[in-house]
Amino acid sequence: MGKSKSIGKIIVVSSVIVVVLLVAFGLYLYKSPALRIEQEQSIRIYEHDNLEKLSEKLISGYGLKYPWFFKTIAKRMNTEKFMKKGRYHLKPDMNLIDLARLFREGKMKTVDLVIRPQMDLIGFSKRCGDKLEADDKDYLNIVKNETYLNSLGFDTATVYALILPDKYNLYWHTEADELMQRMKKEYDLFWNGERMQKLQRTGLSQIEVSILASIVSKETNKVDEMPDVAGMYINRLRIDMPLQADPTIKFALNQPELRRILKGHLSVVSPYNTYTNKGLPPGPICIPGKQAIDAVLSYTEHNYIFMCAKEDFSGYHNFAENYEKHLKNASRYQKALDARGIH
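With this note's numbering, the residue at position 237 of the sequence shown is 249, and numbering never jumps.
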């Protein structure tokens, strides 16, 4: 009888010790970092990756401790079922539960895609390719896909109007068509009731405002001057005078680096040649800035129909109501170019 009691006590004590050890080990696993990394890192999960593949990546690339326990926890949390492709952010202090929860809840890393005014389609596509998973060719192909753009209400000439400059927070794996859907959503939000009211004053359509804004964006970086520039071009449109906008010549020639437009350049055969064609060109010549769009919507009413860059190279312009005064302004600017050896 005494012997049985002793054995019973030993079993109880042993069980308690085992439980304590298991609890202690569980607490250790809960508090202990699951990865051997010293700083935050990213891991990519692809479409067909499963829990086994994920575990292999974590072991080989990030020093996963206790892989068996990780997989056990992940299975209990049904991580594989909810795991999505994307880029995930790993932190040095994550424990096994944090790690399994990260992939189960799809807490993917996002990136900031910054689109700036005056970008061309190649620059836009390259920026997307640099920041997002897809190749820049995927983004370039979609902005040249007439059928797809038509479904959004645009075409290959007007697609610049669809893309508004801003900082977009996106999942790294955002596909090209998903990006364009986001652009359409932002475009619709941008053209709110207030802007639609101002639109009536211009006598232009939304696309035409963006076309003119793209020219204004290229003509001046001075936000305070943009309404004046917009007003001058609207004056030309209203008297059926060619816009004669030098940035459209650069676009037609596909030579954005040109610093001086010469007489020979003005003969280029293109619907974007606003010296030989009246009215607005078929589409924007770059991604128009939001400030330029607002400048067109709130253009300054004046009598100017000519402008020329100031000879001090400040970025501002001299405006004129008649050709005689414009020639004097142009002469000063041409002399300044000659003095600097700009040809």
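For every residue, glycine included, the Cβ atom is placed at its ideal position computed from N, Cα and C.
Being a predicted model, the structure only gives us computed values, none of them experimental.
Go through its chain and collect everything with a Cβ distance to residue i's Cβ below 6 Å, but skip five positions before and after it.
{"i": "GLN145", "result": "According to the sequence as given, residue 145 is Glu; it is not Gln. Around GLU145: TRP184, HIS185."}
{"i": "ASP125", "result": "The amino acid occupying residue 125 in the given sequence is Leu; Asp does not appear at that position. Only LYS143, TYR180, LEU182 meet the Cβ criterion."}
{"i": "ALA36", "result": "Residue confidence for ALA36 is low, a pLDDT of 46 falling below 50, so the modelled location carries little weight; the figure read from the coordinates is stated next. Excluding positions up to five away in sequence, the list is empty."}
{"i": "MET89", "result": "ALA112, ARG116"}
For residue i and residue j, I'd like the C-alpha separation in whole angstroms.
{"i": "ILE227", "j": "MET120", "result": "39 Å"}
{"i": "PRO45", "j": "GLU59", "result": "27 Å"}
{"i": "GLU206", "j": "ILE175", "result": "20 Å"}
{"i": "ILE134", "j": "LEU152", "result": "7 Å"}
{"i": "GLU50", "j": "ALA112", "result": "19 Å"}
{"i": "LEU34", "j": "TRP80", "result": "Note that LEU34 scores a pLDDT of 47, beneath 50, so its modelled location is shaky and nothing firm can be said."}
{"i": "PRO177", "j": "LYS302", "result": "7 Å"}
{"i": "MET106", "j": "GLU187", "result": "29 Å"}
{"i": "PRO239", "j": "ASP306", "result": "8 Å"}
{"i": "ASP110", "j": "PHE202", "result": "39 Å"}
{"i": "ARG248", "j": "GLY353", "result": "32 Å"}
{"i": "GLU158", "j": "GLU92", "result": "39 Å"}
Within a Cβ cutoff of 8 Å, which residues of the same chain sit near residue i, ignoring the five residues on either side of it in sequence?
{"i": "ASN245", "result": "Per the sequence presented here, residue 245 reads as Tyr, with Asn not at that position. Contacts found: LEU224, ILE227, VAL228, LEU255, ALA257."}
{"i": "LYS347", "result": "GLU323"}
{"i": "ILE243", "result": "According to the sequence shown, residue 243 is Gly rather than Ile. TYR311, THR312, GLU313, HIS314, TYR316."}
{"i": "GLU52", "result": "HIS101, LEU102, LYS103, PRO104"}
{"i": "LYS87", "result": "LEU63"}
{"i": "GLN212", "result": "none"}
Beta carbon of residue i, beta carbon of residue j: below 8 Å?
{"i": "LEU66", "j": "ILE57", "result": "yes"}
{"i": "LEU292", "j": "LYS210", "result": "no"}
{"i": "LYS322", "j": "ASN315", "result": "no"}
{"i": "SER282", "j": "ALA264", "result": "yes"}
{"i": "HIS101", "j": "SER137", "result": "no"}
{"i": "ALA342", "j": "PRO129", "result": "no"}
{"i": "ILE297", "j": "LYS230", "result": "yes"}
{"i": "GLY428", "j": "LYS96", "result": "Outside the modelled stretch of the chain, which goes from 13 to 355, sits residue 428, for which no answer is possible."}
{"i": "THR232", "j": "GLY327", "result": "yes"}
{"i": "GLY141", "j": "ASP148", "result": "yes"}
Less than 8 Å between the CB atoms is what I'm expecting for residue i and residue j, so what's the real figure, rounded?
{"i": "TYR172", "j": "PRO300", "result": "7 Å"}
{"i": "LEU108", "j": "ILE85", "result": "5 Å"}
Report all residues from its chain with a CB closer than 7 Å to the CB of residue i; omit the five preceding and five following residues, and keep chain order.
{"i": "CYS320", "result": "HIS329, ASN330, HIS338, ASN341, ALA342, TYR345"}
Worksheet entry | Minimum length 3: unbroken beta strand (DSSP E) runs contained in the region 71 to 127 | 98 to 102, 122 to 127
Practice prompt. Report the residue ranges of all alpha helix (DSSP H) runs contained in full by the region 193 to 246; include only those spanning at least 4 residues, in chain order.
Written response: 205 to 214, 218 to 231
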